[in-house]
Amino acid sequence: MKFGILVNEGPYQHQAADSAYLFCKAALAKGHEVHRVFFYHDGVNNATRLTEPPLDDRNIVNRWSKLAEDNQIDLVVCVAAALRRGIRDENLAPGFRISGLGQLVETGIEADRTLTFGD
Amino acid sequence: MKFGILVNEGPYQHQAADSAYLFCKAALAKGHEVHRVFFYHDGVNNATRLTEPPLDDRNIVNRWSKLAEDNQIDLVVCVAAALRRGIRDENLAPGFRISGLGQLVETGIEADRTLTFGD
Amino acid sequence: MEGVVKKFMFVNRKAPYGTIYALESLEVVLISAAFDQDVSLAFLDDGVFQLKKGQQTKGIETKNFSPTYRALDGCDIEKLYVEQESLEARGLTEDDLLVDVTVLSRAEMGELMEQQDVVLSF
Amino acid sequence: MEGVVKKFMFVNRKAPYGTIYALESLEVVLISAAFDQDVSLAFLDDGVFQLKKGQQTKGIETKNFSPTYRALDGCDIEKLYVEQESLEARGLTEDDLLVDVTVLSRAEMGELMEQQDVVLSF
Amino acid sequence: MLHIVNKSPQERNSLDACLRIAQSGGTVLLIEDAVYAATRGNTAATNIQEALARLKICVLQPDLDARGMADRLVEGVTAVDYDGFVDLAAEHKNCQSWL
Amino acid sequence: MLHIVNKSPQERNSLDACLRIAQSGGTVLLIEDAVYAATRGNTAATNIQEALARLKICVLQPDLDARGMADRLVEGVTAVDYDGFVDLAAEHKNCQSWL
Numbered sequence: 052m053k054f055g056i057l058v059n060e061g062p063y064q065h066q067a068a069d070s071a072y073l074f075c076k077a078a079l080a081k082g083h084e085v086h087r088v089f090f091y092h093d094g095v096n097n098a099t100r101l102t103e104p105p106l107d108d109r110n111i112v113n114r115w116s117k118l119a120e121d122n123q124i125d126l127v128v129c130v131a132a133a134l135r136r137g138i139r140d141e142n143l144a145p146g147f148r149i150s151g152l153g154q155l156v157e158t159g160i161e162a163d164r165t166l167t168f169g170d
Numbered sequence: 052m053k054f055g056i057l058v059n060e061g062p063y064q065h066q067a068a069d070s071a072y073l074f075c076k077a078a079l080a081k082g083h084e085v086h087r088v089f090f091y092h093d094g095v096n097n098a099t100r101l102t103e104p105p106l107d108d109r110n111i112v113n114r115w116s117k118l119a120e121d122n123q124i125d126l127v128v129c130v131a132a133a134l135r136r137g138i139r140d141e142n143l144a145p146g147f148r149i150s151g152l153g154q155l156v157e158t159g160i161e162a163d164r165t166l167t168f169g170d
Numbered sequence: 190m191e192g193v194v195k196k197f198m199f200v201n202r203k204a205p206y207g208t209i210y211a212l213e214s215l216e217v218v219l220i221s222a223a224f225d226q227d228v229s230l231a232f233l234d235d236g237v238f239q240l241k242k243g244q245q246t247k248g249i250e251t252k253n254f255s256p257t258y259r260a261l262d263g264c265d266i267e268k269l270y271v272e273q274e275s276l277e278a279r280g281l282t283e284d285d286l287l288v289d290v291t292v293l294s295r296a297e298m299g300e301l302m303e304q305q306d307v308v309l310s311f
Numbered sequence: 190m191e192g193v194v195k196k197f198m199f200v201n202r203k204a205p206y207g208t209i210y211a212l213e214s215l216e217v218v219l220i221s222a223a224f225d226q227d228v229s230l231a232f233l234d235d236g237v238f239q240l241k242k243g244q245q246t247k248g249i250e251t252k253n254f255s256p257t258y259r260a261l262d263g264c265d266i267e268k269l270y271v272e273q274e275s276l277e278a279r280g281l282t283e284d285d286l287l288v289d290v291t292v293l294s295r296a297e298m299g300e301l302m303e304q305q306d307v308v309l310s311f
Numbered sequence: 135m136l137h138i139v140n141k142s143p144q145e146r147n148s149l150d151a152c153l154r155i156a157q158s159g160g161t162v163l164l165i166e167d168a169v170y171a172a173t174r175g176n177t178a179a180t181n182i183q184e185a186l187a188r189l190k191i192c193v194l195q196p197d198l199d200a201r202g203m204a205d206r207l208v209e210g211v212t213a214v215d216y217d218g219f220v221d222l223a224a225e226h227k228n229c230q231s232w233l
Numbered sequence: 135m136l137h138i139v140n141k142s143p144q145e146r147n148s149l150d151a152c153l154r155i156a157q158s159g160g161t162v163l164l165i166e167d168a169v170y171a172a173t174r175g176n177t178a179a180t181n182i183q184e185a186l187a188r189l190k191i192c193v194l195q196p197d198l199d200a201r202g203m204a205d206r207l208v209e210g211v212t213a214v215d216y217d218g219f220v221d222l223a224a225e226h227k228n229c230q231s232w233l
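Protein chains in written order, with the numbering used here: chain W, 52 to 170; chain Y, 52 to 170; chain G, 190 to 311; chain H, 190 to 311; chain S, 135 to 233; chain V, 135 to 233.
The following block contains the structure:
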């Protein structure tokens, strides 16, 4: 089955980014496909390559980058939301790309199920 | 009177940053002093110089920088919260500085009133 | 996926201005109009406040985006549903709203939601 | 401001893990210990869940920071107040908590809050 | 003491918590989405009316205006602008934001 | 339909909204801070028990464990892990997150 995921909150402040990641990991392990993870609202802050969490904590951004690399997942950051919040190509982490909101609607059309994680 | 301000949420997603700014502006206009604005939790995202909001919207980050310049206000970003969220010297807007949580406690001690704006 | 038409519902449960969800949700809705899908908007709980007439945002130095709801009709987004109990619990009636909506009971709203293919909530 | 001692209260009203407030609030509390102020912690509403025994976070791949509450005592932060009604509404008793606390009625909590110089809430 | 509440009374429990704990004689300032609590017809308006017997209740006018609710303020509630907000913070010995 | 709720029932109104709107025969999955709703002694547990007559109620075990509440799950509620979460999402035709 093909899943589309929408993440509406940034890393660390809310659990949404963690829950979305763990859902993706479990879905992939069960042989499902994750069509796209779309980052909207403060969710765009998942895409900054400048985070440096404490060493005994999870690195939420790196975790997304690795998940994308290992499983060819399309991580899309909404351009309008990203510009509002200071996410640009110059601070974008590997595996993420910036694109338009149309990509979210497209995910809704193409995925068998679209799940939202937010506040 | 000397006010200390704590901002716990980032720009745009929550109104907290707007309310805090408008409070500071009104306090200064009435002849009060704003001792320090301390940015904690997602509040550290107020300090990124990379935001580019739509032209018909307010620029929350620039507004803070200008307020600090015009009134010699100390804008302090918590270093631990900033590292978690990808705010560093390389993307820091003018007028902000990164420092420790002790600066928040110090504000509580030195200011006559400390107000919190958050979610 | 050429020609696929899915039922999309955007669920709005939050008040405007206190958070950005209402505004950014509206941006997705406008974009969705270009995809020729079957789009509905549902307003529940504090989401009904998004449609309140007379919003004046000068005092909070924030853009008043409420006129955009009036522009939805011109984008062929015509299915706006509001839950009756949510209005009543906030002292609002249809006359207080910026646009024409269909008022539904909780059961009707639940049924409509069940029929959707994609439900996006902000 | 050498020698000034103010009454600081940190108010915790949010559950752990769903948001970061509990964890980052604890970081401020620890720092405050170095300033020789009169520090209290208040746990109200879902904040009482922060002190629940038996937290095991392996399944959500997040650090379990609850043992830190036990370390507060060693930093001379000994005033932990919990509101009675908040515990009761969540089916909790003092025995469920990681640390020794003083349980207060709503009125006592209100009085204590009134006496503070600085109240920080997260 | 000045109590600041910024959340809708129907979305969150913060106004209820504030009214439960606040001591008589204090002031409650409703800002942001909390202003809805002091509008006629809102289910929370009853709590506000009751609270007026023991607390001063204020509401931030710019937030009320933004939400198009200025014409339905509950009687007995005082509207203030940001200047008034600053005055309230200065007049009271201490304050607490019910986040 | 799969309804996903992630907020504490005492902090927010999202569980109440979900239970008000959800049609009989659907499933409600409690994740993150919403897991508290399905624990004995919580004031929301009564609503969960009543809802069990017409809805399947599930709770995400890792979130229950993280919060130290695994020993007090309300009877009749089904605990699932992330694998089970994925299965629930796949089994149901559609889903709605009550944010």
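Heads up, the beta-carbon is just placed ideally off N, CA and C, and yes, glycines get one too.
Please read all numbers here as calculations on a predicted model, not as lab measurements.
{"Check": "Proximal chain H residues relative to Arg-109/W, where beta-carbon distance stays under 7 Å", "Outcome": "Glu-250, Thr-251"}
{"Check": "Opposing strand residues paired with Val-88/Y [DSSP bridges]", "Outcome": "Ile-56/Y, Leu-126/Y"}
{"Check": "Val-292/H vs Gln-273/H beta-carbon contact at 8 Å", "Outcome": "yes"}
{"Check": "Through-space distance from Ala-204/G to Leu-240/H, alpha-carbon basis", "Outcome": "32 Å"}
{"Check": "Chain W contact residues for Tyr-206/H, given Cβ-Cβ distances below 7 Å", "Outcome": "Gln-66"}
{"Check": "Test: Leu-57/W CB closer than 8 Å to a CB of chain H", "Outcome": "no"}
{"Check": "Ile-220/G versus Ser-158/S - alpha carbon distance", "Outcome": "51 Å"}
{"Check": "Residues bridged to Met-203/V (per DSSP)", "Outcome": "None, per the DSSP bridge assignment."}
{"Check": "Members of the segment 221-244 of chain H that neighbour chain S once the beta carbon cut-off is set at 7 Å", "Outcome": "Leu-233, Asp-234"}
{"Check": "Segment limits, alpha helix (DSSP H) that includes Ala-151/V", "Outcome": "148-155"}
{"Check": "Residue range of the unbroken alpha helix (DSSP H) whose run includes Arg-295/G", "Outcome": "295-303"}
{"Check": "Closer than 8 Å to chain W by CB, Val-220/V", "Outcome": "yes"}
{"Check": "Arg-114/W versus Arg-135/W - alpha carbon distance", "Outcome": "24 Å"}
{"Check": "CA-to-CA distance, Glu-103/Y to Ala-80/W, given in whole angstroms", "Outcome": "39 Å"}
{"Check": "Members of the segment 252-275 of chain G near chain S, C-beta cut-off 7 Å", "Outcome": "none"}
{"Check": "Gln-226/G to Pro-105/Y span [Cα, whole Å]", "Outcome": "27 Å"}
{"Check": "Sub-8 Å separation of Ala-200/V and Tyr-206/H beta-carbons", "Outcome": "yes"}
{"Check": "Runs of alpha helix (DSSP H) lying entirely within the segment 230-311 of chain G, each at least 4 residues, in chain order", "Outcome": "256-260, 273-277, 295-303"}
{"Check": "CB of Phe-89/Y within 8 Å of CB of Leu-155/Y, strictly", "Outcome": "yes"}
{"Check": "Val-95/W - DSSP class collapsed to helix/strand/coil", "Outcome": "helix"}
{"Check": "Range covered by the beta strand (DSSP E) that runs through Thr-165/W", "Outcome": "164-168"}
{"Check": "CB contact flag (Ala-172/V, Leu-207/V, <8 Å)", "Outcome": "yes"}
{"Check": "Beta carbon of Gly-82/Y nearer than 8 Å to that of Ala-162/Y", "Outcome": "no"}
{"Check": "Under 8 Å between C-beta atoms of Val-193/S and Phe-74/Y", "Outcome": "no"}
{"Check": "Distance, Asp-121/Y Cα to Gln-144/V Cα", "Outcome": "44 Å"}
{"Check": "Rounded separation between Pro-145/Y and Thr-158/Y - CA only", "Outcome": "21 Å"}
{"Check": "Own chain residues within Cβ distance below 8 Å of Asp-215/S, not counting five before or after", "Outcome": "Leu-194, Gln-195, Pro-196"}
{"Check": "Sheet register partners of Cys-75/W (DSSP bridge)", "Outcome": "Paired residue(s): none; Cys-75/W is not in a bridge."}
{"Check": "Residues bridged to Ser-150/W [DSSP beta-bridge criterion]", "Outcome": "Cys-129/W"}
{"Check": "Under 8 Å by beta carbon: chain S residues contacting Gly-280/G", "Outcome": "Thr-173, Arg-174, Gly-175, Asn-176, Ala-179, Arg-206"}
{"Check": "Proximal chain H residues relative to Glu-209/V, where beta-carbon distance stays under 8 Å", "Outcome": "Within 8 Å Cβ-Cβ: nothing; Glu-209/V doesn't reach chain H, min ~14 Å."}
{"Check": "Cβ-Cβ distance between Asp-93/W and Gly-94/Y below 8 Å", "Outcome": "no"}
{"Check": "Selection of the segment 144-164 of chain S by Cβ proximity to chain H, strictly under 7 Å", "Outcome": "Asn-147, Ala-151, Arg-154, Ile-155, Ala-156, Gln-157"}
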